[in-house]
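If you read the protein sequences in the order shown, they are chains A and B. Quick note: the first sequence uses the working numbering, first residue 1, plus one each step. Quick note: the second sequence uses the working numbering, first residue 351, plus one each step. Even glycine gets a Cβ: it sits at the ideal position worked out from N, Cα and C. Keep in mind the model is a prediction, meaning the values are calculated, not measured. Heads up, the thing below is written out as structure tokens.
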Amino acid sequence: MTFWQRLGRVSKTQSPIVFRWDLDKTYLQTDFDSLRGLVRVPFEKPQDKVAVPGVVPLIRGLRDAATEAGREVQIYFISASPAQLAKAIKQKLALDGIEYDGIVFKDQLGHLVRGHFRSLREHVGFKLTELLKSRRTVPAASREILFGDDWESDPIIYSLYADILAGRIDGEELGEVLRVIGVHPGLIAEAKELAAGAEHGDAVTRIYINLERRTPPTRFRSFGPRLVPTFNYLQTAVCLFADGYLALPAVAGVAESLIEDAGYTPSALVNSMADLVRRGHVPEAPSLAVRDFLTPRGLMPAERRRGLVAAVWHRVVRWVRQAGAPASPPIDAIDYHHLVTQWRALGGGR
Amino acid sequence: MPSIAVDAMGGDFAPEEVVKGVAQVSLRTDIQCTLVGNEQEIQAILDRVPYNPERIGVQHTTEFVTMAEDPKVGLRRKRRASVLVAARLVADGHADAVVTAGNTGAAVIACTQCFKAIQGVFKPALASVYPRQTEYPGQDQLALLLDVGATIRCDATELVQFAIMGSAYARHVSKVPNPRVALLNMGVEETRGGDILVEAYHRLKNCRGINFVGNIEGTDLAKGKADVIVCEGLLGNVALKILEGVAEVVVDLAGTARRESWRWKLGFFMLAGSIGRLRDLTDYAIYGGAPILGFEHVMIKSHGRSNARAVENAIKVAAKAVRDGVTQEIAAGIEQV
Chain A
1 MTFWQRLGRV
11 SKTQSPIVFR
21 WDLDKTYLQT
31 DFDSLRGLVR
41 VPFEKPQDKV
51 AVPGVVPLIR
61 GLRDAATEAG
71 REVQIYFISA
81 SPAQLAKAIK
91 QKLALDGIEY
101 DGIVFKDQLG
111 HLVRGHFRSL
121 REHVGFKLTE
131 LLKSRRTVPA
141 ASREILFGDD
151 WESDPIIYSL
161 YADILAGRID
171 GEELGEVLRV
181 IGVHPGLIAE
191 AKELAAGAEH
201 GDAVTRIYIN
211 LERRTPPTRF
221 RSFGPRLVPT
231 FNYLQTAVCL
241 FADGYLALPA
251 VAGVAESLIE
261 DAGYTPSALV
271 NSMADLVRRG
281 HVPEAPSLAV
291 RDFLTPRGLM
301 PAERRRGLVA
311 AVWHRVVRWV
321 RQAGAPASPP
331 IDAIDYHHLV
341 TQWRALGGGR
Chain B
351 MPSIAVDAMG
361 GDFAPEEVVK
371 GVAQVSLRTD
381 IQCTLVGNEQ
391 EIQAILDRVP
401 YNPERIGVQH
411 TTEFVTMAED
421 PKVGLRRKRR
431 ASVLVAARLV
441 ADGHADAVVT
451 AGNTGAAVIA
461 CTQCFKAIQG
471 VFKPALASVY
481 PRQTEYPGQD
491 QLALLLDVGA
501 TIRCDATELV
511 QFAIMGSAYA
521 RHVSKVPNPR
531 VALLNMGVEE
541 TRGGDILVEA
551 YHRLKNCRGI
561 NFVGNIEGTD
571 LAKGKADVIV
581 CEGLLGNVAL
591 KILEGVAEVV
601 VDLAGTARRE
611 SWRWKLGFFM
621 LAGSIGRLRD
631 LTDYAIYGGA
641 PILGFEHVMI
651 KSHGRSNARA
661 VENAIKVAAK
671 AVRDGVTQEI
681 AAGIEQV
């Protein structure tokens, strides 16, 4: 599907849009990879918490673009952090000026009290059931875009959720997959019940996974073309622009944030975007539009000057390569048994 | 921060090991790299390893000179050969230095075609580093030998220029404050080796800024008597290959001995630490590569059999040479002479 066809498709379907965000490592730069960081997290004040570079202008841009298009938009956060952190996190979101429609935390204390120790570390059951519950509260025709990271099981959780909504996975298979993962039997039963009641439709259009751990992109191939692993939020923004969910000024806002808050250089941004194009997640046309918009603003370096013949030849080569590039394959049914085994063998995101 | 153009298609294990080396650099340093080669092949390799895309650019080209190809013919036919494109990126100011593990002849010709020679330099020199005995604690374990193949025969002036270039490089990259320079000869006496070497000896002896320690023989090459050894390309290349060959045979013999009998096996076990050190010392992956000197830009030529680690270290060497302004110092040295 070409860029223009994508734009056409999006402009025709004015269904409500839901953006669901994981919190730790996706929205917040939470340091739980070190013992020191783990101990510090509960005592962090809202102003001490740091958002992942580019995420704040991206979320604002998504809401603005949908609102401008006259589309109903909802933003939800889901976190496996204990509810005791809710106050600080909500204050942080307020400080960042992020408006949201719902936020869910995990009842870790409840698991502890009930003696569900395995559930303390296992998040698939919790997140999947919460996503399915939340789905019941949004308009039936809503389209969804999900944002997670490569630290835990977001790719599996989000893919399961998308396939349940699409009717590609039945209750029996879902139960079996969740059993293999080690989800608590109570949550498996709940998830199956929620899945059975879900209205079927290809609601989830994209899943973005923030490669915070620099997991090699090829490890996400089995999740299909719906899942896009991105190394930074410029890559995510460019994809969202290509899909028609974000305007160019918002992409520029993300680029500015990366430069100002995280010390990115204009050439680092160009390299990032080129990487996304090479990996086949975005066609060349929208990336050129982004470059044309960002270059005069000093956010990307000017392209190397070529002679007229070389420039024309370069365009022709690009056009031929793009024309010859295979279109995104349709989403096939994912073999979750194989995928879960493979994913676990690689140590989750690693 | 330096930007390095890397010939992704050059080397026995290219593009796999070259791309992996660049991926490692992208995660561990702030060096910007541009991989020059087949975009699809490069991305397919990157997809399988951890990397930081913000520090890696790709310049697409499908042409490259193979290791076995005649470099002159190869570069004449392939105007978009990866090594040539990489050198052009540097010449046009889009990168600061080139790293290649590919065909040595092609690397030298690419420099000649794309880079300006430093004013006053008559011939470029291909340098190589090799392991040697250390004479005092903290002494660099590697010595610099040049020329090892950019030239065949040289006159005295060219040998003096090699000494200046090697000295400047060793001062910055090998961190030897006052590198000792020697002429490789068939005897230590100043009258040995024929007219050219005798003239070079006298000129080096009177050359300000050069710490000339006289002639050294082949037997002293590995003994750490000098930090920079100067010779013509034919001689340097033969000397270097002998050193590499001997090191390989020693390690190989140790391996064979281990398989022979239980007593040798025991002996090998007891010597394992020393043999390991010898292997580390002769491992070209550790020192990465050596420069082609005499041009206004830096090109680091790494070993043809370079693995990812060797490529990573070659890129670091190139970045260091750029940061420390080695070419500018060479130009200043040549101007003085």
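Proximal chain A residues relative to residue i, where beta-carbon distance stays under 8 Å
| i | result |
| --- | --- |
| B:N388 | In chain order: nothing, as chain A lies at least about 11 Å away. |
| B:P641 | The premise fails here: B:P641 is roughly 25 Å from chain A at the closest Cβ pair, so nothing lies under 8 Å. |
Residue-level contact to chain B via CB, residue i, 8 Å cutoff
| i | result |
| --- | --- |
| A:Y264 | yes |
| A:A274 | yes |
| A:A302 | no |
| A:A268 | yes |
| A:G324 | In this prediction, A:G324 has a pLDDT of 46, which is less than 50 and means its spatial position is unreliable; what the coordinates show is noted afterwards. No, its Cβ sits nowhere closer than 8 Å to a Cβ of chain B. |
| A:F126 | no |
| A:L231 | The residue you asked about is not Leu; residue 231 of chain A is Phe in the sequence shown. It does; some Cβ of chain B falls within 8 Å. |
Short CB-CB distance (under 8 Å) between residue i and chain A
| i | result |
| --- | --- |
| B:P527 | no |
| B:G371 | no |
| B:E404 | yes |
| B:Q374 | no |
| B:P400 | yes |
| B:Q491 | no |
| B:Q382 | yes |
| B:A671 | no |
Chain-order list of residues whose beta-carbon lies under 6 Å from that of residue i (same chain, five-residue window excluded)
| i | result |
| --- | --- |
| B:E614 | Note on identity: in this sequence residue 614 of chain B is Trp, with Glu being the wrong assignment. Hits under 6 Å: A607. |
| B:A640 | A477, S478, V479 |
| B:N402 | S376, L377 |
| B:K670 | V523 |
| A:P185 | none |
| B:K575 | I566 |
| B:T416 | none |
| B:K555 | F562 |
| A:Y336 | V177 |
Partner residues on chain B for residue i, Cβ-Cβ distance less than 7 Å
| i | result |
| --- | --- |
| A:P217 | D397 |
7 Å Cβ cut-off: residues of chain A touching residue i
| i | result |
| --- | --- |
| B:R429 | None at all; the shortest Cβ gap to chain A is about 12 Å. |
| B:V408 | A274, R278 |
Strand pairing of residue i, partner residues [DSSP]
| i | result |
| --- | --- |
| B:P481 | B:L492 |
| A:G148 | A:I209 |
| B:K651 | B:T450, B:A640 |
| B:L385 | B:V356, B:V408 |
| B:I395 | DSSP output for B:I395 lists no bridge partner at all. |
| A:F19 | A:I75, A:I145 |
| B:Q578 | In the sequence under discussion, the amino acid at residue 578 of chain B is Val, which differs from the Gln named in the question. According to DSSP, which records beta bridges pairwise, B:V578 is partnered with B:L494, B:V531. |
| A:D24 | A:L28 |
| B:A467 | B:F645 |
| B:L476 | B:I642 |
| B:E413 | B:A431 |
Neighbour list for residue i in chain B, Cβ cutoff strictly below 8 Å
| i | result |
| --- | --- |
| A:R279 | Q393, D397 |
Proximal chain B residues relative to residue i, where beta-carbon distance stays under 9 Å
| i | result |
| --- | --- |
| A:N210 | Residues of chain B passing the Cβ test: none, with the nearest at roughly 13 Å. |
Chain-ordered chain A contacts of residue i [CB-CB under 9 Å]
| i | result |
| --- | --- |
| B:L377 | R214 |
Contact set for residue i: own chain, Cβ-Cβ below 7 Å, skip 5 residues either direction
| i | result |
| --- | --- |
| A:E212 | K25, D149, D150, W151 |
| A:G171 | K192, A195, A196 |
| B:I392 | A358, P365, V369, L385, V408 |
| A:S272 | F231, N232, L234, Q235 |
Sequence-distant residues of its chain with Cβ nearer than 8 Å to residue i (five each side left out)
| i | result |
| --- | --- |
| A:R226 | S159, A162, V204, T205, R206, I207, I331 |
| A:P217 | L211, P229, R279 |
**Request:** Kindly provide the ranges of any beta strand (DSSP E) runs that are 3 or more residues long and lie completely inside the segment 591-649 of chain B, ordered along the chain.
**Result:** 639-643
**Request:** Pick out the complete alpha helix (DSSP H) segments inside the segment 40-111 of chain A, 4 residues or longer, and give them in chain order.
**Result:** 55-68, 86-95
**Request:** Starting from the N-terminal side, write out each stretch of the alpha helix (DSSP H) that is 4 residues or longer and does not extend beyond the segment 207-247 of chain A.
**Result:** 233-242
**Prompt:** Considering only residues of the segment 485-572 of chain B, which uninterrupted alpha helix (DSSP H) runs meet the minimum length of 4 residues and lie entirely inside it, listed in chain order?
**Reply:** 506-523, 545-555
**Request:** Please go through the segment 128-208 of chain A and give each complete alpha helix (DSSP H) segment of 4 or more residues, from N-terminal end onward.
**Result:** 154-166, 171-181, 185-197
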